[in-house]
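Protein chains in written order, with this note's numbering: chain A, -3 to 178; chain B, 986 to 1670; chain C, 259 to 477; chain D, 17 to 328.
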């Protein structure tokens, strides 16, 4: 019992501070926290959808929540149900088996909502293109706000993609409001 | 006042009974029966209320009728009046409901099936007879009258139980009921005979006067006989076996009456004998009642949880609620024996309050279950679901009943359970440490019971009424008729009223037992701020203010949210199921699944039997064609107590059967031998 | 006159000791049993000091020291060694499941209260509040021995029972003479050693420390 | 005047509740060597949820939409009844400790029904588990109340507080300590904290509370989350103020009220730290081992009552 806490306190914080790393990331991260604060009340709930990926992207996404990248400090957290989510993080080429599920997930998410397609496969189907199991890229089934390329993309790229998507939100919000009035 | 009401009550029931015999079929006949029953019950209610409010006891006797046994003697004191009120409370809504429900029996149909079968014409007659005999049990003032009415009550309810006699299992359930009722009757009669020294005609007054002179051991034997006899009516574990059998097969308004009122008369008998006639006894009497009550409460609700038959579930839950009432009464007897009169009064008031409340919410639930049965022709919860959209009123009323029985504020079950808790918490004032140490255990059992009851009624309501229908009949269900809705509505209002206005009810209940067995009057006083406060010094609570607060908050929250310009847009969509293509009822949680965690928690008690049959493909055992899983729970008391008993009876019956040869000469021989034997006995022995 | 603090502390220590006993019924892995036993022994040695201080009996400090040496240091040390050797073994399926045995333990403590009621009522010891708890601890020890399958657990149960007797003696008589105490300790040590040998033998014969295995010897 | 203060303290509890949840999360993040979100993060989440659209299953009935209001309303009603900054005076007679338990049960009951309403397997599973845990936690709660009531001679919260305040030795009696431990275990079970339920889980099969609210979105979700936070705060307030009532404002002067608020926040932070430490240390119990934990708490509560009997 004591040993685990000794270990915890000896290790200390491992989250990379905002000032560390290359300048671009720092800027980016600052920008994200600014953006999310303004647009989503500094809270962004993400539902991850694996539409048929090789799980390479998932490993990077998991790193996002780990102690080093710690997305939670920006108010970005992952949720269990699309009903709770603001943003869908879709990975992989869309397989026939996941096609309906992906659309259903999109439908189940309350407005205003965003979609970020992660990885090369999500955009071009990658090495899986032409496979009998693959139905197409993500944007063929649901409207995608931002593509994050890379195979797999790094956590920083993911953060950048999320930021870009959040940047598109004001327009969407207004459109939704107009739709609601009509 | 009582001079008018008493004949009116008799006349009402008589009218209803006649209407049942002569009125024939059709809505006029049904409504005339209901009118008679309602009138009789209403008059009884007025009569009881008048006596409790201070109108003085009603005395009526007819020495000529049944003169050989001392004649009919009636006397209505406050205790009897309380149960007369209870009969009225249960019977009026049931009668109204029955007028609509009995339509199902037109052309000889039964509620369970759509197809015409052999019907039951006499049920209107029996219903009125049943109500009348119950009323007169509460008024009986000598042994003969009491036992006569008791038997009439059992028999008339037996005939009501077997109304749907064409259904499988109904007659068997009826036989169980009749058997248990007579077992109880024998005990009660034996108790009275010992009490009165064999005098059938002894009046209760003479019993009361002679009670003190009886030896202590005899008093205890009388008490135990009364406990067994009345306990079999009240459904104390292990004598409760008939409840889950007879309640489900009876017509639903009769189930409501049996569960709400009939079994309560067992409590009446117990109170009458132990507290009033015997004048209380040693502490272990109360301890025994408390222990049996606790066991009944916990086992009752545990078996209710495992039931998938809606009405059986309700029947087991009646066992539970009788357990709670008995806990209160047992605590009262304990306090009484130690002279802690204020606490004893509180306990009895709590018990009586729960009695009244149980009549209201269990009546309501049985009526609701009846409406479901009426609409879907099934009691199996696994085939129901989605009824909240098809029967919104019934669903709402059932929800009120379910919340009330789960003791949720601000409904009535909460108030009476709170009072029972308060009474038990007072247990530390008992001087004997052994008895005092029972109290925390009782509190724990009561709390477990109420937690499990909440789980049980989430299951009962949730599986039956929510989500999507699990069968075609449930999908095609229709709302109950207006008469049925009116009956349920009345009881739902009563649940709310008894919950919100306890300060009006409790002092009246306090008066019920005033002066009986040396209890003081008005044990629970009404304080200024509408709250209940005990002179015995424990808690304080105001359900009415709580109700006002809850309603206020519920109204305020949407207003505040609107003022804060919260987004109010809503979109309908498919149920989220992790992206699967469609939703079918088979994906829903079932009643069995809902109860599964608790079944595993209490598996040492349930000891379920499992049976797994896997049908493999003939070519390879890696391909399964079908899997069949059966699991069954047989209550242990059936296994341990009743099975050996039944086997013993069967064995005895086989022995006796040897006497039956079919030869006329042999029978004549028996008769002659008996005659000779009797003559010898009469002459020389 | 009598320090109310004394009564408070002794009852507190007795109930803590009982709590550690209950923990034994709840946990399943053998390592935590040793922890519980060790913590309980620490509490009891503190109780020795408390009674020694308030009862003004300096001899008890010595007993406390002995107690610490034996039950806080020596026995847990051997127990741990043994536990590491049989690390795979857990108390998987006791004869009586955990909730039932816990509730039974609760009932046993009620029974202890009821049994000790006359003693507590008659005595005017400031420590009398702890007496039923100590008896309860003895019952809990018995319960452990009766319901658990592993020989290791039964050893712990025996030690807990022994601790219960110690607490009862301490609270009831303010400590028995040192020489008697020494004898008791020696007894406990001997018992412990015998059982240790027994466990190793059991494991050597059956590759398991399940006492159920002994049933095989009938044939 | 005093009734206004009573309401004000309930509203304050409501306002503090998201912060408490955030604080536990922050402590936990630090113990995981993460930076974590600031303790006030849940406020942002609530604001966001209130601004989002709602999506409701087309199988659901009116009950699904009404339940969040009932859950929130009943929990808020409890917040008005319990001592947070001071023992409620005008509202003290409205409900005692038993009423508090049953009001909370009302919320659980409604939420369980709402879980069953959309007809998903997960919702039913959550409802079934939640009711199981609530049912077997009930005896411990009742006995802990019995223990407290026994010492105070009343189930009224104000009187319990006054009794311990007037008699500090009570706070360290074994009965008191065991009742505290029992109530702490129940707190973990009732508020869905770690050995019983994992509030941060994403795996439906391990969920209890979360599984019931998978269908909720928008303002409904916000109400339920807020109510859950408030429930945590209520249990913490009961733990801290019934067992260690020092710091509660006894006289209602501005200074003592301010001190009361400060002390209350410190107590909450302390308990939040304890829970975070515990959640870092222990793993989630299998569902069928939860009864073992709760039977331990039951025995503790029973012992507490019995020792109160004897020491009375």
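Every residue gets a Cβ at the ideal spot worked out from N, C-alpha and C, and that includes glycine.
Check: CA nearest to the CA of residue 1404 of chain B, picked from D/128, D/33, D/99 and D/114; Outcome: D/114
Check: Where the alpha helix (DSSP H) through residue 1627 of chain B begins and ends; Outcome: No alpha helix (DSSP H) holds residue 1627 of chain B; DSSP gives it neither H nor E.
Check: The beta strand (DSSP E) enclosing residue 1594 of chain B, as first and last residue numbers; Outcome: 1594 to 1601
Check: The segment 32 to 41 of chain D touching the segment 272 to 285 of chain D, judged by at least three CB pairs closer than 8 Å; Outcome: yes
Check: Cutoff 8 Å: residue 1058 of chain B Cβ touching any chain C Cβ; Outcome: no
Check: Residue-chain proximity (residue 384 of chain C, chain D), Cβ-Cβ < 8 Å; Outcome: no
Check: Whole-angstrom distance between residue 264 of chain C and residue 326 of chain C, CA atom to CA atom; Outcome: 21 Å
Check: Residue-level contact to chain B via CB, residue 322 of chain D, 8 Å cutoff; Outcome: yes
Check: Burial state of residue 1002 of chain B, where buried means 16 or more other Cβ atoms lie within 10 Å; Outcome: buried
Check: Cβ pair residue 1671 of chain B, residue 1393 of chain B closer than 8 Å; Outcome: As shown, chain B starts at 986 and ends at 1670. That puts residue 1671 of chain B outside it, with no answer to give.
Check: Classification of residue 1665 of chain B by the beta-carbon crowding that lies within 10 angstroms, buried from 16 upward; Outcome: exposed
Check: Rounded separation between residue 1488 of chain B and residue 134 of chain D - CA only; Outcome: 40 Å
Check: Contact list for the segment 56 to 77 of chain A against chain D, Cβ threshold 7 Å; Outcome: 63, 66, 68, 69, 71, 74, 76 and 77
Check: C-beta neighbour in chain D for residue 1212 of chain B, strict 8 Å; Outcome: no
Check: Residue 219 of chain D classed as buried or exposed, judged by whether at least 16 other C-beta atoms fall within 10 angstroms; Outcome: exposed
Check: Proximity of residue 1363 of chain B and residue 1458 of chain B at Cβ, strictly below 8 Å; Outcome: yes
Check: Backbone secondary structure at residue 315 of chain C - three-state DSSP; Outcome: coil
Check: Presumed contact (8 Å Cβ cut-off) between residue 1484 of chain B and residue 1395 of chain B, rounded CB distance; Outcome: 5 Å
Check: Residue interval of the beta strand (DSSP E) (run including residue 1046 of chain B); Outcome: 1043 to 1047
Check: Rounded Cβ spacing between residue 1108 of chain B and residue 1148 of chain B (contact assumed at less than 8 Å); Outcome: 5 Å
Check: Cα-Cα separation, residue 1590 of chain B to residue 1621 of chain B; Outcome: 8 Å
Check: Beta bridge counterpart(s) of residue 1188 of chain B as assigned by DSSP; Outcome: B/1127
Check: Pairwise C-alpha distance: residue 39 of chain D and residue 176 of chain A; Outcome: Because the pLDDT of residue 176 of chain A is 42, which lies under 50, any placement of that residue in the model is unreliable, and the number read from its coordinates should be weighed accordingly. Their Cα atoms are separated by approximately 37 Å.
Check: Beta-carbon proximity of residue 1215 of chain B to residue 1169 of chain B, cut-off 8 Å; Outcome: yes
Check: Option nearest residue 156 of chain A by Cα separation, candidates A/113, A/138 and A/128; Outcome: A/113
Check: Stretch pair the segment 1316 to 1327 of chain B + the segment 1203 to 1211 of chain B: three plus CB contacts closer than 8 Å; Outcome: no
Check: Amino acids of chain D, ordered along the chain, whose beta-carbon sits closer than 7 Å to that of residue 46 of chain A; Outcome: Chain D residues near residue 46 of chain A: none, gap ~13 Å exceeds 7 Å.
Check: Paired residues, beta bridge with residue 379 of chain C - DSSP; Outcome: Residue 379 of chain C is not bridged to any residue.
Check: Proximal residues to residue 1445 of chain B (C-beta, below 7 Å), its chain only, five neighbours per side dropped; Outcome: 1295, 1298 and 1387
Check: 8 Å Cβ cut-off: residues of chain C touching residue 1422 of chain B; Outcome: 368, 371 and 372
Check: Per-residue DSSP class, three states only, for residue 1101 of chain B; Outcome: Low local confidence applies: a pLDDT of 39 at residue 1101 of chain B is under 50, so the model's placement there is unreliable, and no value is given.
Check: Residue 239 of chain D and residue 85 of chain D closer than 8 Å at C-beta; Outcome: yes
Check: Residues of the segment 1427 to 1443 of chain B whose Cβ lies closer than 9 Å to any Cβ of chain D, in chain order; Outcome: 1428, 1429, 1430, 1431, 1432, 1433, 1434, 1435, 1436, 1437, 1438, 1439, 1440, 1441, 1442 and 1443
Check: For residue 132 of chain A, the residue or residues it bridges with in DSSP; Outcome: A/90
Check: Min CB distance residue 103 of chain A to chain B below 8 Å; Outcome: yes
Check: Boundaries (first-last residue) of the alpha helix (DSSP H) holding residue 225 of chain D; Outcome: 225 to 228
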